[in-house]
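K.L.:
Quick one: the structure is below, and I'll ask about it shortly.
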Amino acid sequence: MLKLSRRNWNNVLIFAVLILMFVLYGIPQRLAERSADEHRLIPADAELLMVAFGQQRLIKAGPQWQLQPAATVPVDAAKLALAWQHSLLTPVEVNNDQSRIPLAQASVQLVGHSAPMIWLLYPDVDGRYLLQQAGQQQFYALNAAEAQLLFLL
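In my numbering, each residue carries its 1-based index in the sequence shown increased by 219.
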């Protein structure tokens, strides 16, 4: 065994505690910063309460999701809710000199938030769509299938 003085053992313990603090605090914080670069429709730590698009609303009724009023085309409300909760967005650069008219709008209400998040859907070239949160400058690209699923087009 190493023969160290009491003072040297104290220094070893201090450095061991500092390393342990870094491991328990620093590494998870860095991982959280790295995952913060993900762009989502709703924050990962938020819980979805309701999504309203046009005349329809996706509402959580107990443990199940319901679409009210019921769509003429059958829609899986649980799949729609999962899409809103877990969709990842791809940021795109767009010329701001164009005037855009939204094709659809969705109002997203989260648990514990008083103001809803408003998402606007714009048509783009080649059958793609652009998505923008109201009040923000950033646009995100959606393909036709994603836009149809999220906005019930």
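Even for Gly, the Cβ is constructed at its ideal location relative to N, Cα and C.
#1: In three-state DSSP terms, what is Ala271?
#2: If you count every other CB in all the chains shown that lies within 10 Å of the CB of Val270, and 16 or more means buried, which is it?
#3: Leu307 and Arg259 - do their beta-carbons sit closer together than 8 angstroms?
#4: Kindly indicate which residue of Leu369, Val311, Asn314 has the alpha-carbon position closest to the one of Trp338.
#5: Enumerate in chain order the residues of its own chain whose CB-to-CB distance from Glu266 is below 6 angstroms, with the five nearest sequence positions on each side excluded.
#6: Assuming contact is defined by CB atoms lying nearer than 8 angstroms, are Tyr359 and Val311 in contact in what I supplied?
#7: When you compare each of Ala334, Pro342, Thr309 to Arg319 by their alpha carbons, which one comes out closest?
#8: Please classify Trp228 as buried or exposed, where buried requires at least 16 neighbouring CB atoms within 10 angstroms.
#9: Among residues of its own chain, excluding the 5 on either side of Asn362, which ones have a beta-carbon nearer than 7 angstroms to its beta-carbon?
#10: Which stretch, first to last residue, makes up the beta strand (DSSP E) that contains Ala325?
#11: Have a look at Thr309 and Gly281 and give me their C-alpha separation to the nearest angstrom.
#12: Kindly indicate the opening and closing residues of the alpha helix (DSSP H) around Ile320.
#13: Could you say which of Ala263, Gln324, Phe234, Met336 lies nearest to Leu372 if we only look at CA atoms?
P.N.:
Answer, in terms of the structure:
#1: strand
#2: buried
#3: yes
#4: Leu369
#5: Val330
#6: yes
#7: Pro342
#8: exposed
#9: Arg347
#10: 323-329
#11: 32 angstroms
#12: No alpha helix (DSSP H) holds Ile320; DSSP gives it neither H nor E.
#13: Gln324
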